[in-house]
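To get the working numbering, take the position in the sequence shown, counting from 1, and add 7.
Here the structure is laid out as C-alpha coordinates; the discussion comes afterwards.
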Amino acid sequence: MKNSCVFSENLKYFHVVDGFPPDILHDFLEGVVPFEVCICLKDLIRKKYFSLETLNSAIKTFLYSFSDKTDKPQPIPKTFSTKKTIGGNGHENWCLIRLLPLMVGDMVPERDEAWEVLMLLKNILEMVVTPHFTDESFFDLESKLLEHRELLLNTFPDCRLRPKHHYIEHYP
(Lines of atoms letter the chains of each structure in order from A; the text may use other names.)
(Lines give C-alpha, C1' and ligand atoms only; values in the text may rest on other atoms or scores of the structure.)
Protein backbone atom coordinates (compact mmCIF):
# COMPACT_ATOMS: atom_id res chain seq x y z
CA MET A 8 0.00 0.00 0.00
CA LYS A 9 1.33 3.41 -0.93
CA ASN A 10 1.06 6.22 1.55
CA SER A 11 1.57 9.92 1.12
CA CYS A 12 4.93 11.31 2.14
CA VAL A 13 4.92 12.78 5.63
CA PHE A 14 7.69 15.18 4.61
CA SER A 15 5.78 16.49 1.59
CA GLU A 16 2.67 16.99 3.69
CA ASN A 17 4.45 18.96 6.41
CA LEU A 18 7.41 20.65 4.77
CA LYS A 19 6.52 23.35 2.27
CA TYR A 20 9.71 23.11 0.13
CA PHE A 21 10.40 19.38 0.33
CA HIS A 22 10.02 17.12 -2.70
CA VAL A 23 10.43 13.35 -2.40
CA VAL A 24 12.67 13.07 -5.49
CA ASP A 25 14.96 16.06 -5.24
CA GLY A 26 14.44 17.16 -1.64
CA PHE A 27 17.19 15.21 0.06
CA PRO A 28 20.29 17.18 1.08
CA PRO A 29 23.79 16.16 0.03
CA ASP A 30 25.17 13.46 2.29
CA ILE A 31 28.95 13.28 1.95
CA LEU A 32 29.26 10.23 4.19
CA HIS A 33 26.80 8.04 2.30
CA ASP A 34 27.20 9.51 -1.20
CA PHE A 35 31.00 9.60 -1.23
CA LEU A 36 32.67 7.78 1.65
CA GLU A 37 30.39 4.76 1.82
CA GLY A 38 29.16 4.92 -1.78
CA VAL A 39 31.29 6.19 -4.66
CA VAL A 40 34.68 5.90 -2.91
CA PRO A 41 34.63 2.18 -1.95
CA PHE A 42 33.15 1.29 -5.35
CA GLU A 43 35.69 3.26 -7.41
CA VAL A 44 38.66 2.37 -5.21
CA CYS A 45 37.67 -1.26 -5.80
CA ILE A 46 37.60 -1.07 -9.60
CA CYS A 47 40.78 1.02 -9.72
CA LEU A 48 42.70 -1.25 -7.34
CA LYS A 49 41.58 -4.28 -9.32
CA ASP A 50 43.00 -2.67 -12.46
CA LEU A 51 46.25 -1.54 -10.81
CA ILE A 52 46.81 -5.02 -9.33
CA ARG A 53 45.98 -6.64 -12.69
CA LYS A 54 48.69 -4.45 -14.27
CA LYS A 55 51.08 -5.78 -11.59
CA TYR A 56 52.06 -2.36 -10.22
CA PHE A 57 51.64 -3.90 -6.78
CA SER A 58 49.90 -6.92 -5.29
CA LEU A 59 47.02 -7.05 -2.85
CA GLU A 60 49.48 -8.37 -0.28
CA THR A 61 51.81 -5.40 -0.85
CA LEU A 62 48.90 -2.96 -0.51
CA ASN A 63 47.61 -4.63 2.66
CA SER A 64 51.10 -4.63 4.12
CA ALA A 65 51.36 -0.90 3.39
CA ILE A 66 47.97 -0.33 5.06
CA LYS A 67 49.02 -2.30 8.14
CA THR A 68 52.49 -0.77 8.56
CA PHE A 69 51.76 2.86 7.61
CA LEU A 70 52.65 5.32 10.37
CA TYR A 71 49.24 6.85 11.06
CA SER A 72 49.01 9.95 13.20
CA PHE A 73 46.31 11.86 15.06
CA SER A 74 42.75 10.78 14.19
CA ASP A 75 44.05 8.53 11.41
CA LYS A 76 45.22 6.11 14.14
CA THR A 77 41.61 5.58 15.12
CA ASP A 78 40.24 5.66 11.58
CA LYS A 79 42.95 3.65 9.84
CA PRO A 80 41.62 1.54 6.99
CA GLN A 81 41.11 -2.17 7.28
CA PRO A 82 43.09 -4.43 4.95
CA ILE A 83 41.38 -4.91 1.59
CA PRO A 84 39.62 -8.30 1.58
CA LYS A 85 40.64 -10.89 -1.01
CA THR A 86 37.02 -10.94 -2.19
CA PHE A 87 36.90 -7.19 -2.91
CA SER A 88 36.80 -7.54 -6.70
CA THR A 89 33.88 -9.98 -6.70
CA LYS A 90 31.99 -7.90 -4.12
CA LYS A 91 32.69 -4.74 -6.17
CA THR A 92 33.60 -2.77 -3.05
CA ILE A 93 36.48 -2.47 -0.64
CA GLY A 94 33.99 -2.20 2.23
CA GLY A 95 35.01 -0.16 5.25
CA ASN A 96 33.21 2.65 7.00
CA GLY A 97 33.31 6.27 5.93
CA HIS A 98 36.16 7.29 8.21
CA GLU A 99 38.33 4.36 7.10
CA ASN A 100 37.62 5.07 3.43
CA TRP A 101 38.40 8.79 3.87
CA CYS A 102 41.71 7.85 5.50
CA LEU A 103 42.53 5.32 2.75
CA ILE A 104 41.87 7.58 -0.23
CA ARG A 105 43.84 10.43 1.37
CA LEU A 106 46.85 8.27 2.25
CA LEU A 107 46.85 5.83 -0.69
CA PRO A 108 49.28 8.01 -2.69
CA LEU A 109 51.76 7.79 0.21
CA MET A 110 51.26 4.04 0.56
CA VAL A 111 51.59 2.86 -3.06
CA GLY A 112 51.71 5.96 -5.27
CA ASP A 113 55.40 5.53 -6.05
CA MET A 114 54.66 2.13 -7.59
CA VAL A 115 52.18 3.47 -10.15
CA PRO A 116 53.49 4.93 -13.42
CA GLU A 117 52.56 8.51 -14.23
CA ARG A 118 49.50 8.95 -16.42
CA ASP A 119 47.93 5.62 -15.49
CA GLU A 120 44.24 6.26 -16.10
CA ALA A 121 42.94 4.18 -13.17
CA TRP A 122 45.27 6.05 -10.83
CA GLU A 123 44.12 9.36 -12.34
CA VAL A 124 40.50 8.37 -11.63
CA LEU A 125 41.43 7.83 -7.98
CA MET A 126 43.43 11.03 -7.67
CA LEU A 127 40.67 13.08 -9.28
CA LEU A 128 38.13 11.50 -6.91
CA LYS A 129 40.44 12.34 -3.99
CA ASN A 130 40.68 15.93 -5.20
CA ILE A 131 36.90 16.21 -5.56
CA LEU A 132 36.39 14.82 -2.08
CA GLU A 133 38.83 17.36 -0.65
CA MET A 134 36.88 20.12 -2.40
CA VAL A 135 33.55 18.84 -1.08
CA VAL A 136 34.66 18.71 2.57
CA THR A 137 36.25 22.16 2.58
CA PRO A 138 34.62 24.51 5.10
CA HIS A 139 34.78 27.53 2.75
CA PHE A 140 33.42 27.91 -0.75
CA THR A 141 33.68 30.63 -3.37
CA ASP A 142 31.88 31.07 -6.66
CA GLU A 143 35.04 29.86 -8.38
CA SER A 144 35.27 26.74 -6.23
CA PHE A 145 31.71 25.76 -7.19
CA PHE A 146 32.59 26.07 -10.89
CA ASP A 147 35.83 24.18 -10.31
CA LEU A 148 33.96 21.39 -8.50
CA GLU A 149 31.41 21.17 -11.29
CA SER A 150 34.21 20.93 -13.87
CA LYS A 151 36.11 18.29 -11.87
CA LEU A 152 32.96 16.18 -11.44
CA LEU A 153 32.35 16.20 -15.20
CA GLU A 154 36.01 15.42 -15.90
CA HIS A 155 35.90 12.60 -13.36
CA ARG A 156 32.79 10.98 -14.86
CA GLU A 157 34.25 11.15 -18.36
CA LEU A 158 37.60 9.71 -17.24
CA LEU A 159 35.89 6.97 -15.21
CA LEU A 160 33.72 5.87 -18.14
CA ASN A 161 36.58 6.09 -20.66
CA THR A 162 38.87 4.08 -18.38
CA PHE A 163 36.21 1.54 -17.42
CA PRO A 164 33.69 1.43 -20.30
CA ASP A 165 31.79 -1.48 -18.73
CA CYS A 166 31.35 0.40 -15.44
CA ARG A 167 27.71 0.74 -14.41
CA LEU A 168 27.32 3.99 -12.54
CA ARG A 169 25.46 3.96 -9.25
CA PRO A 170 22.70 6.40 -8.28
CA LYS A 171 25.22 8.06 -5.94
CA HIS A 172 27.28 9.05 -8.99
CA HIS A 173 24.24 11.05 -10.08
CA TYR A 174 23.73 12.54 -6.62
CA ILE A 175 27.29 13.87 -6.40
CA GLU A 176 26.92 15.68 -9.74
CA HIS A 177 24.38 17.93 -8.02
CA TYR A 178 26.72 18.97 -5.20
CA PRO A 179 27.77 22.26 -6.84
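For glycine and all other residues, C-beta sits at the position ideal for the given N, C-alpha and C.
Within 10 Å of its beta-carbon, does Glu99 have 16 or more other beta-carbons around it, so buried, or fewer, so exposed? buried
With a threshold of 16 other CB atoms inside 10 Å of the CB of Phe35, please say whether the residue is buried or exposed. buried
Is there a C-beta anywhere in chain B that falls below 9 Å from the one on Leu132? Absent from the structure is chain B; it holds one protein chain and no more.
Endpoints, the alpha helix (DSSP H) within which Val124 is located: 120-135
Pro80 classed as buried or exposed, judged by whether at least 16 other C-beta atoms fall within 10 angstroms: buried
Does the region 157-173 come close enough to the region 60-73 to have 3 or more Cβ pairs within less than 8 Å? no
Which same chain residues, not among the five before or five after Lys91, have their C-beta less than 7 Å away from its C-beta? Phe42, Cys45
Quick one: Cα of Glu16 to Cα of Pro29, how far? 21 Å
Spell out a yes or no on whether the region 140-147 and the region 103-117 are touching, meaning 3 or more CB-CB pairs, one atom from each, closer than 8 Å. no
Please report the distance separating the alpha-carbon of His33 from that of Asn63. 24 Å
May I have the straight-line CA-CA distance separating Leu159 from Lys19, to the nearest angstrom? 38 Å
When we look at the beta-carbon of His155 and count the other beta-carbons within 10 Å, is it buried (16 or more) or exposed? buried
Counting only the same chain and skipping the five closest in sequence on each side, list residues whose C-beta sits under 6 Å from that of Leu127. His155
Where does Arg53 fall in DSSP's three states? helix
For Val124, I'd like the list of residues in its chain whose CB is within less than 6 Å of its CB, leaving aside the five on either flank, ordered along the chain. Cys47, Leu158, Leu159, Thr162
Residue range of the alpha helix (DSSP H) that includes Tyr174: 170-176
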